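Chains as they are written, first to last, in my numbering: chain A, 96 to 311; chain B, 96 to 311.
This is the structure in structure tokens:
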């Protein structure tokens with residue numbers, strides 16, 4: 096096989112790039128979004144630039160991103176995503192100010208609010224402790240969490256973090272931070288998911304479900 | 096378990112929506128991009144709105160999309176992605192005007208140009224015949240392909256389409272369209288990929304590789 100004619104100016108180099116520098120920049124910018132590789136970024140770029148409906152969708156997306164950047168902010172009290180600040184959950188008269196639920200990310204608030212059973216308020220950490228990824232205690236808003244406990248006042252702090260190493264580490268850190276504090280510290284139950292089959296449950300979950308078994 | 100308080104105005108309904116309508120619109124617009132579901136769209140949206148580097152990346156992406164929309168176009172001669180029209184491949188003095196390579200999508204031009212072995216020109220169909228998806232002969236630019244054959248003039252038409260049912264159907268259609276035409280009609284070889292292990296080659300490919308075996 097003949098070797099590539101590197102300097103012919105037809106292809107954009109050794110990366111299989113488009114002839115268009117503007118398209119190339121768009122693909123590169125898109126491929127730095129979480130979850131998008133170069134191939135999916137290329138698909139998205141071509142979708143926004145060519146074919147039926149491209150104009151309309153690109154207009155809509157540009158407008159939606161602009162609006163969201165102007166209107167969306169982080170609640171200064173709880174850290175969740177909101178337009179008014181403080182958010183409607185923080186200011187609601189109908190939420191129980193004695194219960195505070197600690198979650199890692201604004202996204203974690205969604206399933207809780209969708210289910211609608213929790214009537215307290217939230218505190219979004221914005222991350223989890225992860226020495227390996229360089230996320231240390233100083234990087235997360237634990238000071239603000241302590242301040243927040245005064246506002247209510249909070250009598251129960253519910254830790255609702257991922258059941259991962261990082262989640263466990265963060266939960267333990269909060270537990271130590273609050274040692275000596277009279278508030279009730281609770282965490283989500285570990286066990287078999289509702290509808291989950293015993294035979295397909297991993298060993299660790301099974302062991303935990305056994306360990307935390309309840310009386311009828 | 097208590098049932099959700101549907102009408103409390105805290106969650107955005109039964110979809111687990113954000114409190115922010117602007118964010119909700121952005122997530123919906125993103126999730127209509129190819130390859131993005133609601134979850135990945137949410138991740139992308141939060142990446143563009145919150146956390147370190149969000150401002151810079153959102154600025155860059157907005158500018159890149161705007162630039163690409165203004166500058167990127169489809170080559171009126173070959174249908175590939177370009178900024179100047181006709182594209183640099185179509186206008187190049189160094190490309191062999193007697194060879195024309197038919198591909199389905201502008202993306203297919205990239206690996207060919209990256210490898211650099213092909214010195215002819217391209218014709219992008221912009222799709223493949225697919226009766227199931229409602230793509231019929233009238234939807235693809237076969238008329239323009241016939242016109243293009245005069246410009247060169249083209250003596251060899253190389254069909255480089257996917258080895259799928261749609262690709263085969265389209266190849267057959269082009270073959271019939273050109274029956275009686277004196278030009279040489281060729282297509283890419285089917286066989287074992289370079290570096291491919293025989294044991295892991297699917298049966299159909301193996302059969303084709305056998306069928307099209309060459310003399311040493």
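From the three backbone atoms N, C-alpha and C, an ideal C-beta is built for every residue, glycine too. Keep in mind the model is a prediction, meaning the values are calculated, not measured.
| query | Looking at residue 197/B and residue 254/B, is the spacing between their C-beta atoms short of 8 angstroms? | reply | What you label residue 254/B is simply residue 159 of the second chain in a count that begins at 1. What you label residue 197/B is simply residue 102 of the second chain in a count that begins at 1. Yes; because the gap between Cβ atoms is below 8 angstroms, this pair is in contact.
| Can you name, in chain order, every residue of its own chain whose Cβ lies under 7 angstroms from the Cβ of residue 237/B, other than the five neighbours on each side? | As a working mapping, residue 237/B is identified with position 142 in the second chain. Excluding sequence neighbours, residue 237/B sits near 272.
| message | Closer than 8 angstroms between beta carbons: that is the criterion. Which residues of the stretch 172-188 of chain B meet it against chain A? | response | 175, 176, 177, 178, 182, 183, 184 and 187
| task | With a cut-off of 8 angstroms on the beta carbons, I'd call residue 172/B and residue 179/B a contact; round off their distance for me. | result | The residue given as residue 172/B occupies position 77 in the second chain. The residue given as residue 179/B occupies position 84 in the second chain. Not really, about 11 angstroms apart at Cβ, beyond 8 angstroms.
| request: Return the CA-CA distance between residue 175/B and residue 226/B, expressed in angstroms with no decimal places. | output: As a working note, residue 175/B is residue 80 in the second chain. As a working note, residue 226/B is residue 131 in the second chain. The alpha-carbon atoms of residue 175/B and residue 226/B are separated by roughly 24 angstroms.
| field | Close Cβ partners of residue 224/B (< 8 angstroms) along its chain, the five nearest in sequence each way excluded | value | To locate residue 224/B, count along the second chain from 1; it is residue 129. Excluding residues within five positions, the ones whose Cβ falls inside 8 angstroms are 230, 231, 232, 235, 261, 264, 265 and 268.
| Should residue 259/A be labelled buried (16 or more other beta-carbon atoms within 10 Å of its own) or exposed? | Along the first chain, read from residue 1 onward, the residue named residue 259/A stands at position 164. By the neighbour-count criterion, in which 16 or more other beta carbons inside 10 Å mark a residue as buried, residue 259/A falls on the exposed side.
| Along chain B, in chain order, which residues have C-beta atoms closer than 8 angstroms to that of residue 162/A? | The residue labelled residue 162/A in the question sits at position 67 within the first chain. In chain order: 117, 120 and 121.
| request: Starting from residue 185/A, follow the beta strand (DSSP E) in both directions and report where the run begins and ends. | output: Locating residue 185/A in the first chain gives position 90, counting from the first residue. No beta strand (DSSP E) holds residue 185/A; the alpha helix (DSSP H) holding it covers 183-186.
| Taking Cβ positions, are residue 115/B and residue 177/A nearer each other than 8 angstroms? | Here residue 115/B refers to the residue found at position 20 when the second chain is read from its first residue. Here residue 177/A refers to the residue found at position 82 when the first chain is read from its first residue. Judged by beta-carbon spacing, residue 177/A lies within the 8 angstroms limit of residue 115/B, meaning their Cβ atoms are closer than that value.
| request: Report all residues from its chain with a CB closer than 8 angstroms to the CB of residue 279/A; omit the five preceding and five following residues, and keep chain order. | output: Translated into the one-based positions of the first chain, residue 279/A becomes position 184. These residues qualify, in order along the chain: 250, 251 and 252.
| DSSP state of residue 218/A mapped onto helix, strand, coil | Working through the first chain from its first residue, we reach residue 218/A at position 123. Residue 218/A falls in the strand class under three-state DSSP.
| field | Contacts around residue 136/A, its chain only, beta-carbon distance under 7 angstroms, and the 5 residues preceding and following it disregarded | value | Position 41 of the first chain, counted from the first residue, corresponds to residue 136/A. Cβ within range, chain order: 122, 125 and 126.
| query | For residue 177/A, which of helix, strand or coil comes out of DSSP? | reply | The count along the first chain starts at 1 and reaches residue 177/A at position 82. Note: residue 177/A maps to strand in three-state DSSP.
| message | Between 295/B, 256/B and 289/B, which has its C-alpha nearest residue 41/B's C-alpha? | response | No answer is possible for residue 41/B: it lies beyond the span of chain B, which begins at 96 and ends at 311.
| task | Could I get the ranges of all uninterrupted beta strand (DSSP E) runs contained in the stretch 209-273 of chain B, with 3 residues as the minimum, in chain order? | result | 216-219 and 251-254
| message | For the stretch 137-145 of chain B against the stretch 200-214 of chain A, do three or more pairs of beta-carbon atoms, one drawn from each stretch, fall closer than 8 angstroms, so that the two count as touching? | response | The stretch 137-145 of chain B vs the stretch 200-214 of chain A: in contact.
| query | Exposed or buried, residue 295/B, counting other C-beta atoms within 10 Å across all chains shown (16 or more means buried)? | reply | In the second chain, the residue the question calls residue 295/B occupies position 200. Under this definition residue 295/B is an exposed residue.
| query | Under the three-state reduction of DSSP, which class applies to residue 279/A: helix, strand or coil? | reply | Your numbering for residue 279/A matches position 184 in the first chain. The answer is strand: DSSP assigns residue 279/A an E or B state.
| query | Taking 8 angstroms as the CB-CB cut-off, is residue 113/B touching chain A? | reply | As a first step, residue 113/B must be located in the second chain, where it is residue number 18. By this cut-off, residue 113/B is an interface position.
| said: Please classify residue 305/B as buried or exposed, where buried requires at least 16 other C-beta atoms within 10 Å of its C-beta. | reply: The residue labelled residue 305/B in the question sits at position 210 within the second chain. Result: exposed.
| query | Are the CB atoms of residue 184/B and residue 192/B nearer to each other than 8 angstroms? | reply | Taking the first residue of the second chain as position 1, residue 184/B is located at position 89. Taking the first residue of the second chain as position 1, residue 192/B is located at position 97. Against a cut-off of 8 angstroms, the Cβ pair of residue 192/B and residue 184/B comes out as no contact.
| request: Report, in whole angstroms, the separation of the C-beta atoms of residue 285/A and residue 307/A, which I expect to be a contact under 8 angstroms. | output: The count along the first chain starts at 1 and reaches residue 285/A at position 190. The count along the first chain starts at 1 and reaches residue 307/A at position 212. Rounded, the Cβ-Cβ distance is 6 angstroms, consistent with contact.
| Buried or exposed by the 16-neighbour rule on C-beta atoms within 10 Å, applied to residue 113/A | Here residue 113/A refers to the residue found at position 18 of the first chain. Buried, because 16 or more other Cβ atoms sit within 10 Å of the Cβ of residue 113/A.
| query | Residues in its own chain within less than 8 angstroms of residue 303/B by CB, not counting five upstream and five downstream? | reply | Your numbering for residue 303/B matches position 208 in the second chain. Within the same chain, 285 and 286 come within 8 angstroms of residue 303/B by CB-CB distance, once the 5 residues on both sides are set aside.
| request: Please report the Cβ distance between residue 117/A and residue 153/B, rounded to the nearest whole angstrom; I am assuming they are in contact, meaning their Cβ atoms lie under 8 angstroms. | output: Within the first chain, residue 117/A is the residue found at index 22, counting from 1. Within the second chain, residue 153/B is the residue found at index 58, counting from 1. With 8 angstroms as the limit, residue 117/A and residue 153/B do not qualify as a contact, their Cβ atoms being about 18 angstroms apart.
| said: Can you look up residue 205/B in the DSSP assignment and give me helix, strand or coil? | reply: Residue mapping note: residue 205/B aligns to position 110 of the second chain, counting from 1. If DSSP states are grouped into helix, strand and coil, residue 205/B belongs with the helices.
| Reference residue 357/A, options 298/B, 149/B and 276/B, closest by Cα | For chain A, the structure presents residues 96 to 311; residue 357/A sits outside this window and is missing.
| said: I'd like to know whether the C-beta atoms of residue 215/A and residue 245/A end up nearer to each other than 8 angstroms. | reply: Taking the first residue of the first chain as 1, we reach residue 215/A at position 120. Taking the first residue of the first chain as 1, we reach residue 245/A at position 150. No, the pair does not count as a contact, with Cβ atoms beyond the cut-off.
| task | Output yes if chain A places a C-beta closer than 8 angstroms to the C-beta of residue 194/B; else output no. | result | Position 99 of the second chain, counted from the start, is the residue given in the question as residue 194/B. So no, residue 194/B is outside the interface.
| request: Would you identify the three-state DSSP class for residue 166/B, choosing helix, strand or coil? | output: Taking the first residue of the second chain as 1, we reach residue 166/B at position 71. The answer is helix: DSSP assigns residue 166/B an H, G or I state.
| said: Could you tell me the alpha carbon to alpha carbon distance between residue 170/B and residue 221/B, rounded to whole angstroms? | reply: Stepping through the second chain from its first residue, residue 170/B is reached at position 75. Stepping through the second chain from its first residue, residue 221/B is reached at position 126. C-alpha separation (whole angstroms): 12 angstroms.
| query | Roughly how many angstroms lie between the CA atoms of residue 57/A and residue 239/A, to the nearest whole one? | reply | Shown here, chain A extends from 96 to 311; a query on residue 57/A therefore has no answer.
| message | I want to verify the contact list: residues of chain A whose CB lies under 8 angstroms from the CB of residue 155/B, in sequence order. | response | For the purposes of this step, residue 155/B is taken as the residue at position 60 of the second chain. The answer, in chain order, is 124.
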